[in-house]
Amino acid sequence: MVAAPSTAKRAFLALAAAVFCVVASTSASAAERTLKKVSFIPAWNPQAQFAGYYMALEKGFYQKHGIDLSILNGGPETSTSEYLHSGKADFAVLWLATAIRERAAGVRLVNLAQIIQKSSMMLIARKSSGIAKPADMNGKKVGLWQGPFAIPPRAFFKKYGLRVHEVPQSYTINLFLHGGIDVASAMWYNEYHTILNAGIDPDELSIFLLKDYGIDLPEDGLYTLEKTLKNDPTLAKGFAQASLEGWSYAFAHPEETLDVVIRYMREAKLPADRMHQKWMLERMRDLVIPKENRRVMGRLTRNDYTAAGHILLNNGEIRTLPDFKAFTGQSDAQQ
Amino acid sequence: MLSNKSIAFKLTLVITLCSTCIFASLLGYNYYRSRLVLRKELVRNARNLTMASVNRIETVLTAVTKVAEGVARSLENTRPTREELSSLLRSTLAENPEIYGCGAAFDPHATGPDSHPYITYFQRDHGRIVYAPDDTLNYLQKDWYQISRETGKKEWTEPYYEGNVLMATCSVPFYETTDGARRLKGVAFSNVSLDWLTELVASIKVLKNGYAFLISRYGTIVTHPDRAMIMNVTIFGFAEAAKDPTLRELGRKMIKGGSDFIPFTNLKGVKCWVYYAPIPSTGWSLAVVFPETELLDQVKTLSLTGALIGLGGIMLLTMAVVLIARSITFPLKTLAGATTAIARGDFDVELPPVSTQDEVGKLADAFAAMKSSLKEYIKRLTETTAAKERIESELRIARDIQRDFLPRTFPPFPDRQEFELYAVMEPAKEVAGDFYDFFFVDDTHLCFVIADVSGKGVPAALFMAMSLTLIKATARYGLPPEEILCRVNNVLARENDSCMFVTAFLGILDTESGEVIYANGGHNPPLHLKHGGGVAWLARSGSLMVGVMEDAPYRCERILLEPGDCLFLYTDGVNEAINAREEAFSNDRLERRLRALQGYEIKDVVFGIMADVRAFTGEAPQFDDITMMVIQYRGE
Chain G
35 MVAAPSTAKR AFLALAAAVF CVVASTSASA AERTLKKVSF IPAWNPQAQF
85 AGYYMALEKG FYQKHGIDLS ILNGGPETST SEYLHSGKAD FAVLWLATAI
135 RERAAGVRLV NLAQIIQKSS MMLIARKSSG IAKPADMNGK KVGLWQGPFA
185 IPPRAFFKKY GLRVHEVPQS YTINLFLHGG IDVASAMWYN EYHTILNAGI
235 DPDELSIFLL KDYGIDLPED GLYTLEKTLK NDPTLAKGFA QASLEGWSYA
285 FAHPEETLDV VIRYMREAKL PADRMHQKWM LERMRDLVIP KENRRVMGRL
335 TRNDYTAAGH ILLNNGEIRT LPDFKAFTGQ SDAQQ
Chain H
35 MLSNKSIAFK LTLVITLCST CIFASLLGYN YYRSRLVLRK ELVRNARNLT
85 MASVNRIETV LTAVTKVAEG VARSLENTRP TREELSSLLR STLAENPEIY
135 GCGAAFDPHA TGPDSHPYIT YFQRDHGRIV YAPDDTLNYL QKDWYQISRE
185 TGKKEWTEPY YEGNVLMATC SVPFYETTDG ARRLKGVAFS NVSLDWLTEL
235 VASIKVLKNG YAFLISRYGT IVTHPDRAMI MNVTIFGFAE AAKDPTLREL
285 GRKMIKGGSD FIPFTNLKGV KCWVYYAPIP STGWSLAVVF PETELLDQVK
335 TLSLTGALIG LGGIMLLTMA VVLIARSITF PLKTLAGATT AIARGDFDVE
385 LPPVSTQDEV GKLADAFAAM KSSLKEYIKR LTETTAAKER IESELRIARD
435 IQRDFLPRTF PPFPDRQEFE LYAVMEPAKE VAGDFYDFFF VDDTHLCFVI
485 ADVSGKGVPA ALFMAMSLTL IKATARYGLP PEEILCRVNN VLARENDSCM
535 FVTAFLGILD TESGEVIYAN GGHNPPLHLK HGGGVAWLAR SGSLMVGVME
585 DAPYRCERIL LEPGDCLFLY TDGVNEAINA REEAFSNDRL ERRLRALQGY
635 EIKDVVFGIM ADVRAFTGEA PQFDDITMMV IQYRGE
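Top line first, the protein sequences correspond to chains G and H.
Throughout, the numbering used here is defined as the position within the first sequence, counted from one, plus 34.
Throughout, the numbering used here is defined as the position within the second sequence, counted from one, plus 34.
The structure is reproduced here in structure tokens:
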């Protein structure tokens, strides 16, 4: 029928399509009739850490909320808060610690959703280097990432009164593998697995998950500038909502999600190891929906905020903790 | 189950089965041995191939290492100007075609007049040598810089992409000693494009589908036929995807610098063999993989050919066996048919012509001989049987005649009330040697006799007839018993060439007085059954058997029978009857039985004893005639 439609039929189909479009658009609000173009920057190169956003875009969840989203490529050279501040991106992924520090320093950004609820950061040492407990790290060479990634390990060293020899750690774990450092910084969902897949067995490693040592700083959250939220609260909330829907979809459809993630990685010319991304997606699930605390996905609680704030205050990262309501944009939303 | 099958079938089956077994085990052994030999050969080839490739790679990498070491050495404790350094690097690059680029990076912590941290680097670009210095401090966190700086040793990086070029860098730290303190000054480095490596490894071919792959010091797949895996996956990630802990174990052995030849199963479940060996300078490891099926292809072809030849051979053998078996069993079958015909009595059946001189030929000859002798034998047997039947019929007639000699009508004298008499004779053969007789000599004297001729059969019967006739004839003269026996004895003994004789008891009963006068010629003494009870043996006279010796004396004895008394006469067929245990019936038993039978009718006494003897002997064959006679005196 479709292969060789008559003129009359074609006219009818066109009419039907037009009617359908009108019905569809009138069912949504008038403001969403035209999609709003916005941009979003994840905290790093494409990987399963951002699977929820890719899936939300892939499955049209942003579109459903009236958003025409373009996802920018993050990476080691990119500061997402700088992107927000300069207006190169409307939305960004930031660590909670980074965001609090920025807010305390006067950058008026607000938390739209707290995606990773727990700290996934860890310190890893070879058992053969004689490190079995925090005290053993004293005087050892410890690899630290620059920027906010150094905050949790330093809080850890302070808590245990350790003096370590800090070595800047790059974005590979080769320095650790080659024995250039005794202790490496690692993300549970990423470098830890990379180390295992470099042929080192778990029982050869001493691992220190910082959250198990009282340094539980929730990580990835969605942020925008206060003014963006004030200008169009529906847009900001819609973005956050669509992102969470994307995460739900990603966890429900891991294989499809991995296909999409791998595609993004290949487009960015990055090494794409499906098993590694699978591990990452599974860990993200543990971190986004922690088992021990079945909270609503994406919410930042006052308790977590305050606890994180205290760690930052104790370590001199901030002098005062910004107001929780202002930080989460609630005071503004009510106006 | 096989027992009712033909010989040809069994022979064919057994020989075919046996030869198949022998052949199969030979083939199996051959397959096994060839596999071993081939595997050994293959291991050697794989090792040689791998080691050759490793050496080629190692040569290049060593050259690259030497460059970095050379640069580092020349910067140790010297302070060249930037221009001097540039010309050093440029000439080094020009002299070493293997390397892609070389440079030197200075550490920010190094002190000295010219301690400004910077990096100088030359690399090839489309055949030209390009100067590529960098004043940013980005290099400080590059693996090639950091690892070597922190370990203080010469280090090879993991392979990495620089733009589109896969490369690896060898870096060597260099130091400056001031005031006795050794301080890091910087890192010299040279890198190599790994395109040639990819080609080299790709060119390694083992059998049809064998391939090689190279992994880095931490398991990253550097070259592999599946390009999607290159630099994307480590062998451990691969093992994780395959859920194969043995593959992870293999990976760990490889990155630890081991070398071995081991079997493993790849992702598609195909059994493979892998030979791996380390590349010493970088700690990388080269592995050569080939499917087991290919390893065994040659052996399989060989075995298949062998199997086909064997199958043909077995078929040929089977056919030969069938033919030979047929040649044996066909004459046998016809012989069997002929035997059946002969068994039916058809001696004129045609025998199969057998021309061979083997066992079957001999059998056929023997069979023909057997047929003719059988035919002859049967003919003779028929004649003999006819003769025997004739003799038997004559014997039957003789028996009838002999029986007719003896009086068999009882009571013999119905009008005489003074005595009663009953007698019976059972011959053991057709004709007997026993006889009895009784007749009146005059009105009041009854002569009776019982006798037993020596020997058996026809001669005894003839002698018996003669003896009986003689006794009867002699007794007619009214002579006393001893005289009768005497005369008969003389007649018999005189012309007795065959030395036959007869035992005889001859008595004459006076029917008026009951007196019996008698003479005994060697016969068993009769028994006197007294009317009032009691059984007594008549005394033995001690006389000779009749016919043994001329003029033998016979005595006359006498006994008086009271009315009701009986005389029981018998031959040795009674008291010497033998049972199965070879025991004789015996005189004692006879006496006992007679006592028990006292008071019965005389006929019943005879039948009673007869029954006792029969019961005693049972099935045991008897060779003696059984003869009994009872005379009862009744008086007036």
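Built from N, CA and C at the ideal position, the CB exists for glycine as well.
Pairing A372(H) with V383(H) gives a Cβ-Cβ distance under 8 Å. Ranked by how close their Cα comes to the Cα of L248(H), the residues G285(H), R629(H), T390(H) have G285(H) in first place. Spanning the alpha carbons of P356(G) and K261(G) requires a straight line of approximately 17 Å.
Here the segment 117–136 of chain H lies against the segment 213–227 of chain H, with 3 or more beta-carbon pairs under 8 Å apart.
Scanning Q157(H), N558(H), V458(H), E464(H) for the CA closest to the CA of S620(H) turns up N558(H).
N38(H) sits in a helix when the DSSP states are folded into three classes. For A86(H), the closest C-alpha among the options K242(H), F472(H), A246(H), M498(H) is that of A246(H). Under the three-state reduction of DSSP, R442(H) is assigned to coil, being neither helix nor strand. Residue environment analysis places P312(H) among the buried positions, since at least 16 neighbouring C-beta atoms fall within 10 angstroms of its C-beta.
The closest CA to that of L171(H), considering only D141(H), V199(H), R183(H), is found on D141(H).
In this structure G253(H) is not in contact with T232(H), their Cβ atoms being roughly 17 Å apart against a cut-off of 8 Å.
Taking 8 Å as the cut-off, the Cβ atoms of A614(H) and R360(H) do not count as close.
With a beta-carbon spacing of about 7 Å, D471(H) and L440(H) fall inside the 8 Å limit used to define contacts. Boundaries of the alpha helix (DSSP H) harbouring N348(G): 336–348, taken from the DSSP string. Proximity of chain G to N130(H) at the Cβ level (cut-off 9 Å) is not reached, the minimal Cβ distance being about 25 Å. If you draw a straight line from the Cα of T46(H) to the Cα of C52(H), it is about 10 Å long.
At a cut-off of 8 Å, the C-beta of M318(G) has no neighbouring C-beta in chain H.
Its Cα nearest to that of E452(H), the residue L595(H) stands out among M500(H), A495(H), L595(H), P386(H).
DSSP places C533(H) in the coil class of the three-state scheme, outside both helix and strand. Closest option to I636(H), judged by alpha-carbon separation, among R668(H), S575(H), S337(H), V101(H): R668(H). Cβ contact annotation for E546(H) (same chain, cutoff 6 Å, sequence separation greater than five): T478, in chain order.
Inter-residue distance for I296(H) and Y66(H) is about 18 Å (C-alpha atoms, whole angstroms). Between E274(H) and R282(H), the alpha-carbon positions lie close to 8 Å from each other. By the rule that beta-carbons nearer than 8 Å mark a contact, V201(G) touches chain H. Chain G has a Cβ within less than 8 Å of the Cβ of D177(H). Contact with chain H is absent for I105(G), since none of that chain's Cβ atoms lies less than 8 Å from the residue's Cβ.
Unbroken alpha helix (DSSP H) runs of no fewer than 4 residues, entirely contained in the segment 207–262 of chain H, are found at 229–236, following chain order.
Comparing C-alpha distances from T54(H) to each of W318(H), M201(H), A341(H), H565(H) shows the shortest one belongs to A341(H). Taken through DSSP and simplified to helix, strand or coil, P387(H) comes out as coil. Within the model, the alpha-carbon separation for R424(H) versus E454(H) is close to 41 Å.
At a cut-off of 8 Å between C-beta atoms, M309(G) counts as an interface residue with respect to chain H. With a contact defined as Cβ atoms closer than 8 Å, V294(G) and Y117(G) miss out at about 23 Å.
Legend: CB atoms of the segment 215–228 of chain G lying less than 8 Å from CB atoms of chain H belong to residues I215.
A Cβ-Cβ contact shorter than 8 Å links I134(G) with A342(G). A402(H) carries a helical assignment under DSSP once its states are collapsed to helix, strand and coil.
Among the bridge pairs identified by DSSP, T299(H) is matched with K305(H).
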